[in-house]
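The opening residue of the sequence shown carries number 1 in UniProt numbering; numbering runs sequentially from there.
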Amino acid sequence: MFRCMLVRSSSSAKQSLMRRNLSSGSVPERKVAILGAAGGIGQPLALLMKLNPLVSSLSLYDIANTPGVAADVGHINTRSEVVGYMGDDNLVKALEGADLVIIPAGVPRKPGMTRDDLFNINAGIVKNLCSAIAKYCPHALVNMISNPVNSTVPIAAEIFKKAGMYDEKKLFGVTTLDVVRAKTFYAGKANVPVAEVNVPVIGGHAGVTILPLFSQVTSQFLSMFG
């Protein structure tokens, strides 16, 4: 009888522990806000964030078409709740409580448009968004995708400095595209598996400064057979 009770007690304890570990409370609550979520980069980015198990709340913001994007993304069967916000009046709601803000907002570079032209348009957009970030979620990590990244990141930094909340460890310029391309080009020329290659890329995201360091390439494949 006592043995039966101990087994039941042990089983109940294990089940209770499992319930605690699997409960939503055991996973950190993280809110991600995407500014420019209805654009060509923002939509697939929203999809990736919805699939990320670390995200509990996904806030999608743009000047138009955001409710439709939010509805589509929200149907994906992961734990994060998706809310779409549209227009200047709703920017505050989109940002409040955000732990991570990703900014793909702005116009894409069109044929015949220089990076200076792009800067003249996107600089104002980035300035307004970063001013709101400084006010409503000053402790958030900020990932800048809006081009030209070499210029929009310094704009964000200056705005955050004026607001007294600049932290160089929390502001990032996203240049993953350049790294992916460098890996693919190198792997094709060297005839090695692209997944095994790491190519350092420096100089940001501008044609006159970007530089892939092919002399510093590391590869598990080459180390095994080199």
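Beta carbons: idealized from backbone N, C-alpha and C, even for Gly.
| Check | Outcome |
| --- | --- |
| By how many angstroms is the C-alpha of Ile202 removed from the C-alpha of Ala190? | 21 angstroms |
| Quick check on Ser219: buried or exposed, where buried means 16 or more other Cβ atoms within 10 Å of its Cβ? | buried |
| Going by DSSP in three states, Gly188 sits in which element: helix, strand or coil? | helix |
| Threshold first: 3 residues or longer. Then list the beta strand (DSSP E) segments lying entirely within the segment 139-201, N to C. | 141-144, 171-173 |
| Can you tell me the Cα-Cα spacing of Ala156 and Glu81, whole angstroms? | 28 angstroms |
| For Ile77 and Gly97, what's the separation of their Cα atoms in angstroms? | Note that residue 77 is Asn in the sequence shown here, rather than Ile. Rounded to whole angstroms, Asn77 to Gly97 spans 23 angstroms at the Cα level. |
| Could you check if Gln216 is buried or exposed, using at least 16 other CB atoms within 10 Å of its CB as the buried criterion? | exposed |
| Considering only their Cβ atoms, is the gap separating Ala105 from Ser146 smaller than 8 angstroms? | yes |
| Under DSSP, the alpha helix (DSSP H) around Ser131 begins and ends at which residues? | 115-136 |
| Apart from the five residues just before and just after Leu6, which ones in its own chain have a Cβ nearer than 6 angstroms to its Cβ? | Because the pLDDT at Leu6 is just 32, under 50, the model does not fix this residue reliably, and the point stays unresolved. |
| According to DSSP, simplified to helix, strand and coil, what is Ser99? | The identity of residue 99 in the sequence shown is Asp, whereas the question assumes Ser. Three-state DSSP puts Asp99 in coil, outside helix and strand. |
| Within 10 angstroms of the Cβ of Val101, are there 16 or more other Cβ atoms? Answer buried if so, exposed if not. | buried |
| With respect to the alpha helix (DSSP H) encompassing Ala70, which residues constitute its N-terminal and C-terminal limits? | 66-74 |
| Can you tell me whether Asn122 is buried or exposed, with buried defined as 16 or more other CB within 10 angstroms of its CB? | buried |
| Starting from Gly84, follow the beta strand (DSSP E) in both directions and report where the run begins and ends. | 81-86 |
| Would you kindly work out how many angstroms separate the C-alpha atoms of Ile159 and Val83, rounded to a whole number? | 27 angstroms |
| Contact between the segment 172-184 and the segment 195-212: three or more CB pairs below 8 angstroms? | yes |
| By the three-class DSSP mapping on this structure, what secondary structure does residue 250 have? | Because the chain spans 1 through 226 in this model, residue 250 falls outside it and cannot be assessed. |
| What does the Cβ neighbour count give for residue 227, buried or exposed, with the cut at 16 atoms within 10 Å? | Here the chain covers residues 1 to 226 and nothing more, so residue 227 does not appear. |
| Do Val69 and Arg30 have their C-beta atoms closer together than 8 angstroms? | no |
| Does the segment 114-128 touch the segment 43-57, meaning 3 or more C-beta pairs lie closer than 8 angstroms? | no |
| My output table needs one value for Ala38: the three-state DSSP class, helix, strand or coil. | coil |
| Over the uninterrupted beta strand (DSSP E) stretch that includes Leu213, give me the two end residues. | Unbroken run through Leu213: none, as it is neither H nor E. |
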